[in-house]
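Listed in order, the protein sequences are those of chains A and U. Just so we're aligned: the first sequence equals residues 7 to 297 in the numbering used here. Just so we're aligned: the second sequence equals residues 442 to 718 in the numbering used here. Positions of the beta carbon are idealized from the N, C-alpha and C atoms, including for glycine. Predicted model only: the values in this text are computed from it and were never measured.
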Amino acid sequence: MPYLLVLPVVAVMGTILGYPIYSLVRLSLQRYGLPELVQHKGVYIGLHNFGLVLHDAVFWHTLFRTIVFTVANVGLTMGLGILLALLLIRVSTWVRILLTAGLVLVWSMPQVVAVQVWNWITNYQNGVLNYVLTELHLGNYFQHNWYGTTFSQLSIVTALIVWGALPFVAITVYAALSQVPRELVEAADIDGARSVRLFFDVTLPIIRPVLLILTSLSILWDFGVFTQPFLLIGQPHIGPSNYLMGVYLYEEGYLKTDFGRGAAISILMLVIVAAMSVVYVRRMVRIGDAE
Amino acid sequence: MNGRTARKTLWNVVGLVLFVVMIFPVFWMISTAFKADDQINSLTPTWFPLHPTLAHFGDAIHKPFFWNDVENSVIVVAVTVAVAMTLAFLAAVALAKYRFTGRKLFIVLMIGIQMLPGAGLIIPLYVVLARYHQVNVLSGVIITYLTFALPFSVWTLRGFILGIPKDLEEAAMVDGSSRLGAFVRILLPLVAPGLVATSVFAFITSWNEYIFARTLLNDQSKQTITVWLSYFLGTSRHTDWGALMAASTLTVIPVVIFFLLVQRRIAFGLTAGAVRG
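Below, the structure written as C-alpha cells:
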C-alpha cells in the first residue's frame, strides 16, 4: 500500500529528474554541441570536459569570486536578519505589525520584478538612489554609474539579494525567538552589557537549530544565484570579469551550446553544493525520521 | 521606568526607519506606475503621484504578447499545481502513516533534490527535453516545474497529515471503513487547509520562476510573464520606466494576494520541525 502511494511521485521524479541527472553525468563525458543536439547523439571523450574546465583560469576566478560573494551575502543576510528579529521583539505591537507587513510584502516580490524595480532605482540618469544619496550629502552621486566596476555591480546585486532574503530570515528567527522565555527577553532589556551576554548564553542556544538551517539554505541559494546578477548587470555587461557560478554555467554551457562542458561545470557545482549542504540534509532527515 | 519608555521609543523609531527602507522599492514601483512621464523622467523625483494616471497600465497591457504570456503563465501554473497536489498528497500519506523499506531513502531524496541549484540542471534538462521535442512547448516547462513543486509539497503536506490526531482516523476505521476509505472521508477534509497552503506555494514558485522558462521557451508567443518582463528593458534605447513599473505591479498582484494568505505556512514548511528543536 505505501509503495502504491509513493509510486507516482517516484515515477515522475525518476523520469524527470533521475534521467536528467544520469544524462548530466553522461553529457559531461561527451562532446555535445549543436550538431550533436540535432542528431541526439554525443561523442564520448572521457574526462576531457573536466580537464578543460579545471584548466580554465576563468573557472577558478569565478569560483573564488562566488565564494567571497556567498560569504558576504550569507553573512549580511543572517547578521541583519537576526538583528531585525531582535528588534521585532523590542518594538511596540503596532510597529511590529507594520514592520512585519512590510517584510511580507517584500518577501512576496518575484525576483524578476525586484530586479526591474532595482534597475529603475539605481539607473544612472535619474535613478532615485543617486538623488537621495546626493541630497543626504553623502557625496556627489549625480549620474553615478553603479554598474561601472565589478565590485560595484556585485555590491548592488548583494544589496538586492539581502533585501529580498531578509524577510524570510527575520520572520523565521522571530518565530524561533518566541520560544525564549519572555522574562529573559524582558530582563535583557534592562541593561546593555547583560543583554548581550544573555543573548549569547541563553537565546542563541535556543535558536541555534533554526539559524543552522537558515544559514545552510542561504548558502545554497546564494552560491547558485542566477536571476539577480544576470538581469541586474544585464546581458551586454556580463562577462568573465563579473561571472558568478550560475551565470558562468549559463553563458559557457547553454549560450555557447557547449553542453558537454556545461554538464562538467554543473557537476563540479553540484559536488561543491552537496558538500556544503550535508549538515542541512542530515538535520532534516533526522526530523523526518523522529516523527 | 522612564529610561525604559525612552528605549522603547528609540526601538520604535529604528523600526519605522527600517520599515521605510525595506518597503521603499515596492512603494517606488507602484508610485512610478501611476506617474506622468515628465515626472518620471525629471531629475528631481516626485514622491507621490498627486495626479495619478493609468496610461502606463494601458501601455503595458497593449505591448505585444503581454496577454498571450499571461495566459501561458496561467496554464503552466494551473496544470503544475493540480498535478503536483494530487501526486504529493498520495506520497505524503505514505510517508506520514506507514513505515516501509526505502522510506528513509525517499526522505533523503526529497530533501536532497531541493538542494540542487536550479542552474545546475539547465543543461541536462534542456538536452533531455529537446530529445523528446519538449523544448519551446509549455508541457516541457510544466514537467520541469513538477520536479521543484513535488518535493516541497510532499514534505509540507506530510507535516499537515502528521498534525491530525490518530484517534480520528482510527474511529473511522472502527466504523467499518477500509483504511483508504478512512483517509478519504476523514483525512481529506482535515488536510484541506494544508493542501490550500501547499498549492499556493506551488503557485507562487511556478508563477515567479524565471531561468527554466527562459531557457526552455524561445518563441515570444510561448513565453511566461516573468520572461516577458525580463526582456522589457532590452526593447529600445529609451526605457519606458512607467510601463515597466506598471507591468511589474500587475505581475506582483496575484502573488501578493496569495502570499499574504499563507506566508506563515511557508515559513513553517521551509524550516519544518526545526523550530521545535
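With 16 other Cβ atoms within 10 Å as the buried cut-off, status of residue i
i, result
"residue 713 of chain U", "With a pLDDT of only 46 at residue 713 of chain U, under the threshold of 50, the placement of this residue in the model should not be trusted, and no figure is reported."
"residue 640 of chain U", "buried"
"residue 57 of chain A", "exposed"
"residue 98 of chain A", "exposed"
"residue 174 of chain A", "buried"
"residue 592 of chain U", "buried"
"residue 663 of chain U", "buried"
"residue 283 of chain A", "buried"
"residue 211 of chain A", "exposed"
"residue 599 of chain U", "buried"
"residue 483 of chain U", "exposed"
"residue 207 of chain A", "exposed"
"residue 94 of chain A", "buried"
Residue i vs residue j beta-carbon contact at 8 Å
i, j, result
"residue 247 of chain A", "residue 156 of chain A", "yes"
"residue 236 of chain A", "residue 225 of chain A", "no"
"residue 497 of chain U", "residue 686 of chain U", "yes"
"residue 398 of chain U", "residue 105 of chain A", "In the structure as shown, chain U begins at 442 and stops at 718. Residue 398 of chain U is therefore absent and cannot be evaluated."
"residue 719 of chain U", "residue 11 of chain A", "Only positions 442 to 718 of chain U appear in the structure, and residue 719 of chain U is not among them; the question remains open."
"residue 682 of chain U", "residue 126 of chain A", "yes"
"residue 216 of chain A", "residue 179 of chain A", "yes"
"residue 564 of chain U", "residue 265 of chain A", "yes"
"residue 653 of chain U", "residue 559 of chain U", "yes"
"residue 136 of chain A", "residue 150 of chain A", "yes"
"residue 79 of chain A", "residue 21 of chain A", "no"
"residue 694 of chain U", "residue 514 of chain U", "no"
Beta-carbon neighbours of residue i, restricted to chain A and to distances below 8 Å
i, result
"residue 695 of chain U", "Simply none; closest approach about 10 Å."
"residue 483 of chain U", "132"
"residue 514 of chain U", "Correct list: empty, because the minimum Cβ distance to chain A is about 11 Å."
"residue 473 of chain U", "126"
"residue 449 of chain U", "96, 97, 98"
Residue i: contacting residues in chain U (beta-carbon distance under 7 Å)
i, result
"residue 108 of chain A", "460, 463, 464"
"residue 18 of chain A", "528, 587, 591"
Listed by chain order, chain U residues near residue i by CB distance under 9 Å
i, result
"residue 46 of chain A", "568, 571, 572"
"residue 269 of chain A", "564, 565, 568"
Alpha-carbon to alpha-carbon, residue j and residue i
i, j, result
"residue 91 of chain A", "residue 471 of chain U", "27 Å"
"residue 637 of chain U", "residue 699 of chain U", "10 Å"
"residue 649 of chain U", "residue 445 of chain U", "44 Å"
"residue 229 of chain A", "residue 252 of chain A", "8 Å"
"residue 233 of chain A", "residue 17 of chain A", "30 Å"
"residue 526 of chain U", "residue 202 of chain A", "46 Å"
"residue 538 of chain U", "residue 690 of chain U", "43 Å"
"residue 501 of chain U", "residue 661 of chain U", "16 Å"
"residue 261 of chain A", "residue 185 of chain A", "49 Å"
"residue 255 of chain A", "residue 272 of chain A", "7 Å"
"residue 585 of chain U", "residue 28 of chain A", "16 Å"
"residue 474 of chain U", "residue 572 of chain U", "43 Å"
"residue 520 of chain U", "residue 108 of chain A", "31 Å"
"residue 63 of chain A", "residue 478 of chain U", "47 Å"
"residue 716 of chain U", "residue 187 of chain A", "Note on residue 716 of chain U: pLDDT 34, under 50, position unreliable in the model; no value is reported."
Proximal residues of chain A, C-beta to C-beta of residue i below 9 Å
i, result
"residue 522 of chain U", "In chain order: nothing, as chain A lies at least about 14 Å away."
"residue 457 of chain U", "97, 101, 104, 105"
"residue 494 of chain U", "The contacting residues do not exist; residue 494 of chain U stays about 17 Å from chain A at best."
"residue 453 of chain U", "96, 97, 98, 100, 101"
Closer than 7 Å at the beta carbon, the chain A residues around residue i
i, result
"residue 470 of chain U", "123"
"residue 467 of chain U", "111, 112, 115"
"residue 737 of chain U", "Outside the displayed range of chain U (442 to 718) lies residue 737 of chain U, so it cannot be described from this structure."
"residue 505 of chain U", "Simply none; closest approach about 18 Å."
"residue 656 of chain U", "260"
"residue 671 of chain U", "118, 237"
"residue 689 of chain U", "119, 122, 123"
Contact list for residue i against chain U, beta-carbon separation under 8 Å
i, result
"residue 15 of chain A", "528, 529, 531, 532, 591, 595"
"residue 259 of chain A", "563, 564"
Interface flag, residue i vs chain D, CB-CB below 8 Å
i, result
"residue 23 of chain A", "Of the chains in the structure shown, none is chain D; the protein chains are A and U."
Jot down the residue ranges of each uninterrupted alpha helix (DSSP H) in the segment 131-181 of chain A, minimum 4 residues, whole runs only, in chain order.
134-141
For the segment 627-674 of chain U, which segments carrying the alpha helix (DSSP H) assignment without a break, of at least 4 residues, lie completely within its bounds, in sequence order?
629-649, 652-657, 666-671
Sequence ranges, beta strand (DSSP E) only - wholly within the segment 212-250 of chain A, length at least 3:
none
Start-end ranges of the alpha helix (DSSP H) lying completely within the segment 479-540 of chain U, minimum 4 residues
496-502, 507-538
Mind pulling the alpha helix (DSSP H) runs of 4 or more residues that sit fully within the segment 559-606 of chain U?
559-572, 579-603
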